[in-house]
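Going down the list, the sequences are from chains A and B. Quick note on my numbering: the first sequence kicks off at 1 and runs consecutively. Quick note on my numbering: the second sequence kicks off at 1001 and runs consecutively. C-beta: ideal position from N, C-alpha, C; glycine also. Please read all numbers here as calculations on a predicted model, not as lab measurements.
There are 2 protein chains.
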Amino acid sequence: IIELADVYKEYIVGTVSTMALKGVNFKVYEGEVVAIMGPSGSGKTTLLNMIGLLDRPTKGNVFFDGIDVSKLNDNILANLRNTKLGFVFQTFNLVNRLSVFENIELPLIPKGIPRRVRAEMVKEALARAGGEESWLRKKPNQLSGGQQQRVAIARAIVGKPIVVLADEPTGNLDRGSAKMVVETFLNLNKSGHTIIVVTHDPEVANCTEKIYVIRDGEITGEFAPNKA
Amino acid sequence: IIELADVYKEYIVGTVSTMALKGVNFKVYEGEVVAIMGPSGSGKTTLLNMIGLLDRPTKGNVFFDGIDVSKLNDNILANLRNTKLGFVFQTFNLVNRLSVFENIELPLIPKGIPRRVRAEMVKEALARAGGEESWLRKKPNQLSGGQQQRVAIARAIVGKPIVVLADEPTGNLDRGSAKMVVETFLNLNKSGHTIIVVTHDPEVANCTEKIYVIRDGEITGEFAPNKA
Ligand SMILES: Nc1ncnc2c1ncn2[C@@H]1O[C@H](COP(=O)(O)OP(=O)(O)OP(=O)(O)O)[C@@H](O)[C@H]1O
Ligand SMILES: Nc1ncnc2c1ncn2[C@@H]1O[C@H](COP(=O)(O)OP(=O)(O)OP(=O)(O)O)[C@@H](O)[C@H]1O
Ligand SMILES: [Mg+2]
Ligand SMILES: [Mg+2]
C-alpha cells in the first residue's frame, strides 16, 4: 500500500547538512502490523514522515496505492493524508486552545459526519486508547504526559484511517497503559487497518509481524518478532 | 534535604476537581539516588513539581534544608530553585528561538561565570548527556526527539546543582542512550549530588537506591531495587 524507493532526506541548517535517510527502500502491505526500531537520531521520525506523506524526500520516490506522490500537489496530498492516514506524533502535537474533546474530533470535521455521531466516535476512540471521559472537557495541558499521549492516539484512530502511523506511542506510559494501546492497535489491525509503529520498546515491537531496524539513515535489517 | 509533610495538591478546572496528591509524606536525604514509579496519571509529575519547588501544595508543608518554603516569597523561592536545583521536564521545555548552545547555557547566565568558562561547561554537560557538538548551533526543533531530551538533560546538569530532578528522562531514548544518561546521573551522585528520577522504566529504577511507588496520589510503598 505504501512503498519508498531509494529515498534520501537531507536537512540543511546554515552550512551543516544532515543526511537523515540514505537510499531507503521500504514496502508495507495492506493489513500489516510493522515496527521500526533504531537508535535515537537514526532517522525513524524522518522515515515515518515520508511514509505518512507529511514531508517529501530530497531524492527518490514514495508510492501510495501505486501512485507516485511526487506527482501530486500539496492540496491533493493533504486530502489523501486526511482521509487515509492517522498520525500519532512523538510530541503529541495537541492543540492547547481546544478541549480534549475538540482535539479528538478534529479529523472528523471535514468528513460531514453529524455532530451526535461524532460525539459517539470521539468517546469510543478515547476509551479504546485507555482514556477517561473526565478528560474530555479539559485542555491538553491540564492532563499528565501519558494522558496527553493517549488523547493523541485517540485523535489518530477516531476516523478509522486505513493506515495508522505511531511515533513512539508508549514513551510516557506505564506498562499497563502501554499494553492497552498496543491491544487497540492490534484490534484495529484485525479489522484490516495497516499499523506502523516506531518504538524503542522491544515489548511493543514484539507484538508486531515484522521489525525493521534503521541505523544512521539506512534500514539495516528486517526481523521476525521474538515471541520468547 | 527535601521533605514533604502531609502534602495535598488539588487542580480545579471549571467545576471538576482533581486531587493529584493526597497526603504525601516524602523525605529525600542529601546524596541519595531515588526513583519514583507509578501508573500514568498517578501524580508523579505533580510530586516532582512539589519537590522541585516549581509549584506550591494546596495543603501541607514542603521543607528545603529545614526551611518551610511556604514562608518564602516567589522571588526567594525562584532564586533557591535556580541555584540549587536542576530540572529535566517531561516535555523538555526547550526554548525554540535559542540555539542548543544557548539553551544549555541558560542556567549559567545569572551566575556571573565568564563566557569562555561557560562554553566549556556547556560542551562538557552535553557530552555527559550523550550529545554531540554538531547539535550546538541547531535550534531544538531541528533535532530528533531523543536528541532534544539529551539537550534538556545537559541543561539540567550544566550548573552542577545540588539536586537533579528528572521527569521521565529516557522516554524517547533507545536502550544504549538511556544507559548513558543513567550513568551520568550515577556519576553526578558519586560526587555528592542528590538525584530524583521519575520513570516508567524498571531498568532505570533498578539503578537507584530506593524506589517509591505512587498510585492515585498516594505513596503506596518503598522498595529496594531488584538487582537481579
Ligand atoms: N494543570 C492541571 N490541571 C488539571 N489537572 C491536572 C493538571 N496537571 C495534572 N492534572 C491531573 O492530575 C493527575 C496527576 O497528574 P500528573 O501529571 O502528576 O501524573 P503523572 O503521574 O506524571 O502521569 P504520567 O506518567 O502520565 O506523566 C492527573 O489525573 C492529571 O489529569
Ligand atoms: N528539522 C530538522 N532539521 C535538521 N536536522 C534534523 C531535523 N529533523 C531531524 N534532523 C536530524 O536528522 C536525524 C534523524 O532525525 P529523526 O528525528 O528522524 O531521528 P529519530 O530516529 O526519530 O530519533 P529519536 O528516536 O531520538 O526520536 C537526526 O540526526 C536529527 O538531528
Ligand atoms: Mg523520533
Ligand atoms: Mg508525568
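In this structure, B:V1163 places its C-beta atom within 8 Å of the C-beta atom of B:K1084. The shortest CA-to-CA distance from A:I195 to any of A:K160, A:E32, A:L4 and A:I1 is the one to A:E32.
For A:L80, the enclosing alpha helix (DSSP H) covers residues D74 to K84. Within a 10 Å sphere around the beta-carbon of A:S40 sit 16 or more other beta-carbons, which makes this residue buried. Straight-line spacing of the CA atoms in A:R118 and A:E132 works out to 17 Å. DSSP places A:S42 outside both helix and strand once states are collapsed to three, so it counts as coil. Annotation: A:K71 to A:P107 spans about 25 Å, alpha carbon to alpha carbon. Taking CB atoms only, A:L173 has a neighbour in chain B less than 8 Å away.
Against chain A, the CB of B:P1169 has no partner CB under 8 Å away; the residue lies outside that interface.
Distances between the C-beta of A:S144 and the heavy atoms of ligand 4 include at least one below 7 Å. DSSP, reduced to helix, strand and coil, places B:T1170 outside both helices and strands of the structure shown, so it counts as coil. Assigned with DSSP and collapsed to three states, A:S70 falls in helix. Judged by DSSP secondary structure, B:K1009 falls within the beta strand (DSSP E) whose first and last residues are I1002 to V1013. Not a single CB atom of chain B sits nearer than 8 Å to the CB of A:R81. The continuous beta strand (DSSP E) containing A:E222 extends over residues E218 to F223.
Within the model, the alpha-carbon separation for B:T1046 versus B:G1171 is close to 18 Å. Neighbours of B:K1138 in chain A, taken as residues at a C-beta separation under 8 Å, are given in chain order as V13 and V16.
Residue contact with chain A for B:P1225: absent (no Cβ-Cβ distance below 8 Å to any residue of chain A). For A:S144, the nearest beta carbon of chain B is closer than 8 Å to its own beta carbon.
Per the C-alpha coordinates, the member of B:I1067, B:L1098 and B:F1089 positioned closest to B:L1080 is B:I1067.
Shortest Cα-Cα distance from A:E203 to any of A:I76, A:A35 and A:F26 involves A:A35.
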